[in-house]
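Scroll down for the structure; my scribbles are underneath it.
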Amino acid sequence: MAVSMSRTLGLRVGILDADVSGPSIGQMMGVSGKPAVDSEGLMIPPEAFGVKCMSTALLLPPTGAAFWRGPMVMSALETMMRNVAWRPLDVLLVDMPPGTGDAQLTVCQRLHLTGAVIVSTPQEVALQDARRGVSAFAAARVPVLGMVQNMSLHVCEQCGHESHIFGGGGVQEAAESAGVPLLGDVPLQMDVRESGDAGAPVAASEADSPAVKAYRDMAKKVWEGCIAKQ
């Protein structure tokens, strides 16, 4: 979505990887190495595909583990929020881990969030966490802009048969129950996985696949939602 916001909408975008224990943004965006520091002592976030990126993966050795207690997680997030030369930006996306733990609490308390987007696969096990997320953001007075159904279906490349591997429509039902819109469905496609592993997001390609279309549509809806909440 960050790449689509930059490429499709022409926005100045940053993404902060708040999944301190399991950071993946560096790999998915193809950035690595410890960030340089500017004259004011702020870390300069590496940029890829028009998006400024910051993650604990850039601050640790390649196989280093952030095996930290709550206060250390909060400190790391504070550093990435306050000690990084983010500006100028139109939008900063914060990629949070599943659940309602220290990362979510710290971000909600330290940043003035315009809104939250809840991403879930359709099966009930995942939806339980998604519903808790909606409730947590409501308690923190953060508007939920909508929900995204990830891995919504798989289309066989050989015969075109559609398989709802993780179930069908679960996120749509959860969104309706929560009174928020369904922002889009991202299909389970090989190129999404391959591009993430290769550090070249599928949204940066010129492909016209269902996944790329979904990211573009969702980027537009999220940005419109942000404008409406300001």
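Residue numbering for the sequence shown follows this note's numbering, starting at -5 and increasing by one per position. Note that the Cβ used here is the ideal one computed from N, Cα and C, for glycine as well.
**Item:** Whole-angstrom C-beta distance between R6 and D84, which should lie under 8 Å
**Value:** Contact flag correct, Cβ pair sits at about 5 Å.
**Message:** As an exercise, report each continuous alpha helix (DSSP H) stretch of at least 4 residues that is fully enclosed by the segment 149 to 188, in chain order.
**Reply:** Every alpha helix (DSSP H) stretch that sits fully inside the segment 149 to 188 and reaches 4 residues is listed by chain position as 164 to 172.
**Message:** Going by DSSP, what residue range makes up the beta strand (DSSP E) through S26?
**Reply:** No beta strand (DSSP E) contains S26, which DSSP labels as neither H nor E.
**Extent of the continuous alpha helix (DSSP H) to which V111 belongs** = Run containing V111: none in the alpha helix (DSSP H); it sits in the beta strand (DSSP E), 110 to 114.
**Message:** Going by beta-carbon coordinates alone, are G163 and Q117 separated by less than 8 Å?
**Reply:** no
**Prompt:** Distance, Cα to Cα, L182 vs V196?
**Reply:** 13 Å
**Asked** Since L10 and L107 are thought to touch, with beta carbons under 8 Å apart, how far apart are those beta carbons, to the nearest angstrom?
**Response** Contact doesn't hold; Cβ gap of about 12 Å is too wide.
**Prompt:** Where do the N-terminal and C-terminal ends of the beta strand (DSSP E) with L54 fall, by residue?
**Reply:** L54 -> no beta strand (DSSP E), and no H or E assigned at all.
**Message:** Just to check my reading of the structure: V216 and L139 have Cβ atoms closer than 8 Å, yes? What is that Cβ distance to the nearest angstrom?
**Reply:** At roughly 6 Å, the Cβ-Cβ gap stays under 8 Å, so V216 and L139 are in contact.
**Asked** What span of residues does the beta strand (DSSP E) with D11 cover, start to end?
**Response** 7 to 11
**Message:** Can you give me the C-alpha to C-alpha distance between G27 and E167, rounded to a whole angstrom?
**Reply:** Going from the Cα of G27 to the Cα of E167 covers about 42 Å.
**Asked** In whole angstroms, what separates the C-alpha of Q21 from that of T73?
**Response** 20 Å
**Message:** Using only the alpha-carbon positions, how far apart do A194 and D185 sit?
**Reply:** 10 Å
**Prompt:** Around the Cβ of F43, are there at least 16 other Cβ atoms within 10 angstroms (buried) or fewer (exposed)?
**Reply:** buried
**C-alpha gap between E151 and N144, whole angstroms** = When rounded, the distance between both Cα atoms is 19 Å.
**Request:** Counting only the same chain and skipping the five closest in sequence on each side, list residues whose C-beta sits under 7 Å from that of D179.
**Result:** Q143, S146, A208
**Asked** Tell me, which residues are paired with A42 by DSSP?
**Response** V45
**Pairwise C-alpha distance: D191 and T115** = 20 Å
**Message:** Within a Cβ cutoff of 6 Å, which residues of the same chain sit near P91, ignoring the five residues on either side of it in sequence?
**Reply:** Cβ neighbours of P91 within its own chain (closer than 6 Å, five residues either side excluded): D13, A97.
**Prompt:** How is the alpha helix (DSSP H) around Q122 delimited, first residue to last?
**Reply:** 118 to 133
**Request:** Evaluate M66 with the Cβ neighbour count: other Cβ atoms within 10 Å of its Cβ, from every protein chain shown; 16 or more gives buried, anything less gives exposed.
**Result:** M66 is exposed by the Cβ-count criterion.
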